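Protein sequences, first through last, are from chains A and B.
Note that the numbering used here has the first sequence beginning at 492, numbered continuously upward.
Note that the numbering used here has the second sequence beginning at 492, numbered continuously upward.
Comments concern the structure below.
Protein chains: 2
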Amino acid sequence: MPKKTFFNLPAEKRNSIISAAMYEFSANSYKTASINVICRESGIAKGSFYQYFADKLDLYVYIMTLAIEEKIRFFSSALSESNNPGLTEQIRMLFLKGVEFSKKHPLFAALGEQFSKEDVESAKSAVIREGGKLSGSLFLQMIQDAKDRGEIDGGIDPFALSLLLQSLSSAVSMYMHDRFGNTGYEINKEEVDNFVDSLLNILVHGIRIKNSI
Amino acid sequence: MPKKTFFNLPAEKRNSIISAAMYEFSANSYKTASINVICRESGIAKGSFYQYFADKLDLYVYIMTLAIEEKIRFFSSALSESNNPGLTEQIRMLFLKGVEFSKKHPLFAALGEQFSKEDVESAKSAVIREGGKLSGSLFLQMIQDAKDRGEIDGGIDPFALSLLLQSLSSAVSMYMHDRFGNTGYEINKEEVDNFVDSLLNILVHGIRIKNSI
DNA sequence: GAAGCATGTGACCACATGGTCATATTACTG
DNA sequence: CAGTAATATGACCATGTGGTCACATGCTTC
C-alpha cells in the first residue's frame, strides 16, 4: 500500500503518477519497468517517489490491484445486467465482454496480459495475495449453477471445463488483438461474433458429426 | 547464426556455452537474461563470447531454434509412430505428448514457454523468421484431414478449432506444471490421463446433455 | 517572526548491463 | 626457428538500475 503522503497528494498529481505507472507496467515486465521512467513521465523527483511508495513492488501491487478491480467491476456489472440466461449465453457474453474490455480499456487489458506473463514470483504472489478471488472461480460458479439447472451433462468435469473456458477466453482476446490490432471493435463486430459463435458451437455440440452414436 | 569460430570450438566447450545459455534464457526473458551470467557459468571470457556470436540476439535466436527443432522432432516422430488413428486419438496423443515433453525436456519446454511470453518484438520476429513452420499449422492439417475423412462435423470452423486445440494444449501443460510441479509424470500418470480424458470428452461430445435435441 | 513538521529534490551510491578493444596467448605454416 | 593468422582475455566504456540522504522548500501553529 502506498504511504499516506501519496493519498494526500492533489488528485491531478496522483493521477499523473498512476497513469505513468500504468503505462510503464503495461509495456514492461516487473523487472524491466523503470522507476526512473515513471518519475520522468509523471514529472516527480526520484526522492518524492520514495516518499509515496515503499519500493517498486509497492507501486506494482497497487497498480495491478487497480486494474484487477476495474476488470472485476466491468465483468460483474455485465453479468448482473443480464437476466440469468443459460450457460451458453453467459459464456458468449463473457467472451464478447472480454473482447470489449480490451478494446475499451486497452491499458487495463495490457496490464492484465503483462501480469499473466509475469516471471518474478514475489511480484506475482504479492498481487494475488492482495487481489483475492480470480476469474477462475467465476467460471466454476457458472458451471456449477448450470449443472444444478440440468443444463449441461452431469458427467462433465467442472474443473476441466473451467480451464477450457479460461484458456479460450484469453485466446479469443489474443486472436482478436493479433487479427485486428488496435482497430475498433465495432468495425469488426460481425467477424468477432462469428468467430465466437464458431467456438461456442464446438463447445456446445462437440466436434463429432451429429447423429453418430 | 553464430560465427564459425563457435563451430570450431571443441564440443565440450561449445556444449557448456549452449547449456549455460539455455538455462539463462529459460529462466529469464530476452531483456533480463544476462550475457555476463552466461559467460561466468560457461567459464568463458566476455571477449570470447563476442568472438562466437555477433550479439545477444544472435545467441538468442540460435538457442531458441535449437529448442524448436527439438520439439518438432519430438512431436513429429510421435505422430509418425502412430498408425493414423482418428482425430480424437491424435489430439489425445498431442496433449499427452505435450505433458511428456515438458517432463522429459523441462529446459526445452521452459524455453518455449519463455518464448511464448516474449515481449521484445525484434527477438520474437527474428526467431519466427528462422523457425519457419509453427505448431498451429500441424493442428490445422490434422483437422482438415479429419474433415476429409468425414470424421468431424463439416460445419466446424477449422480455424476456431485449431485455436481451441492450441490454447488447450498449452493450458494442459501449464495446469500439470502448477499441479504437480517437478514431480515425475509417471507418478501422476493416471490423474493426467483422466484430466485429458475429461477435456476430450467435452471437446468430442460438447457440453449439452446427451439426447437433448 | 520563530519553531516545527510534512514534503520536495536531485546528486549520489553500488551494482549491473551489452558491447569494445588493445593486448596476450596459442596454433599453424614455411 | 620465425612469422603469421586465429583466438582468448579482462579492463574499460557509456548507460541504466533501485534506492538513499542531506538539504531545501513550504505550511501551520505559537
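For each residue, glycine too, the CB sits at the ideal point set by N, CA and C.
If you're wondering where the values come from, they're calculated on a predicted model, not measured in any experiment.
If you check the CB distance, Val-590 of chain A and Val-695 of chain A do not come in under 9 angstroms. Sequence-ordered contacts of the segment 571 to 604 of chain B with chain A read Leu-578 [C-beta pairs closer than 8 angstroms].
Each of B:Ser-517, B:Ala-502, B:Gly-538 was checked against the Cα of Asn-527 of chain B, and the nearest Cα belongs to B:Gly-538. By the Cβ-count criterion, Met-492 of chain B is exposed, with fewer than 16 other Cβ atoms from all chains shown falling within 10 Å of its own Cβ. Distances from the CA of Ile-509 of chain A to each of A:Tyr-521, A:Cys-530, A:Lys-495 were compared; the closest alpha carbon is that of A:Cys-530. CA-to-CA, the gap between Asp-610 of chain A and Gln-605 of chain B works out to about 9 angstroms. Restricting attention to A:Leu-691, A:Ile-698, A:Gly-697, the CA atom closest to the CA of Glu-580 of chain A is found in A:Leu-691.
Linking Asp-669 of chain B to Leu-629 of chain A through their CA atoms gives a straight-line distance of about 20 angstroms. As DSSP reads the structure, Ile-643 of chain A sits in a beta bridge with B:Arg-699. Residues Ile-508 of the same chain have their beta carbon placed closer than 7 angstroms to that of Ile-535 of chain A, with the five preceding and five following residues left out of the count. Cα atoms of Ser-568 of chain A and Met-555 of chain A: separation of roughly 20 angstroms, rounded to the nearest angstrom. Assignment of His-596 of chain B by DSSP, reduced to helix, strand and coil, places it in the coil class.
Distance between Ser-613 of chain A and Ser-607 of chain A, taken at the CA atoms: about 14 angstroms.
Rounded to whole angstroms, the separation of the alpha carbons of Glu-681 of chain A and Ala-637 of chain A is 28 angstroms. The C-beta of Glu-515 of chain B has 16 or more other C-beta atoms within 10 Å across all chains shown, which makes the residue buried. The alpha-carbon of Gln-632 of chain B is positioned some 18 angstroms away from that of Lys-588 of chain B. Interface annotation, Asp-610 of chain A: in contact with chain B, CB-CB separation under 9 angstroms. Under the three-state reduction of DSSP output, Gly-672 of chain B falls in the coil class, being neither helix nor strand. In summary, Ser-653 of chain B is buried, with 16 or more beta-carbon neighbours lying within 10 Å of its beta-carbon over all protein chains present. Here DSSP, grouped into helix, strand and coil, assigns Lys-522 of chain B to coil. Per DSSP, Gly-538 of chain B is one residue of the alpha helix (DSSP H) stretching across 537 to 543.
For the segment 517 to 532 of chain A, residues whose beta-carbon sits nearer than 9 angstroms to a beta-carbon of chain B comprise Ala-518, Asn-519, Ser-520, Lys-522, Thr-523. The three-state reading of DSSP puts Met-492 of chain A in coil, since its state is none of H, G, I, E or B. Nearest neighbour of Tyr-666 of chain B by Cα position, chosen from B:Glu-621, B:Ile-619, B:Arg-699, B:Lys-594, turns out to be B:Lys-594. Here Gln-542 of chain B is exposed: its Cβ has fewer than 16 other Cβ atoms, across all protein chains shown, within 10 Å. If you draw a straight line from the Cα of Ile-582 of chain B to the Cα of Ala-617 of chain B, it is about 30 angstroms long. The beta carbon of Ile-700 of chain B falls within 9 angstroms of a beta carbon belonging to chain A, placing the residue at that interface.
Judged by their CB atoms, Lys-522 of chain A and Lys-522 of chain B are nearer to each other than the 9 angstroms cut-off. Scanning chain A for C-beta atoms nearer than 9 angstroms to the C-beta of Val-695 of chain B yields Gly-697, Ile-698, Arg-699, reported in chain order. Using a 10 angstroms sphere on the CB of Ala-651 of chain B, the tally of other CB atoms reaches 16 or more, which defines it as buried.
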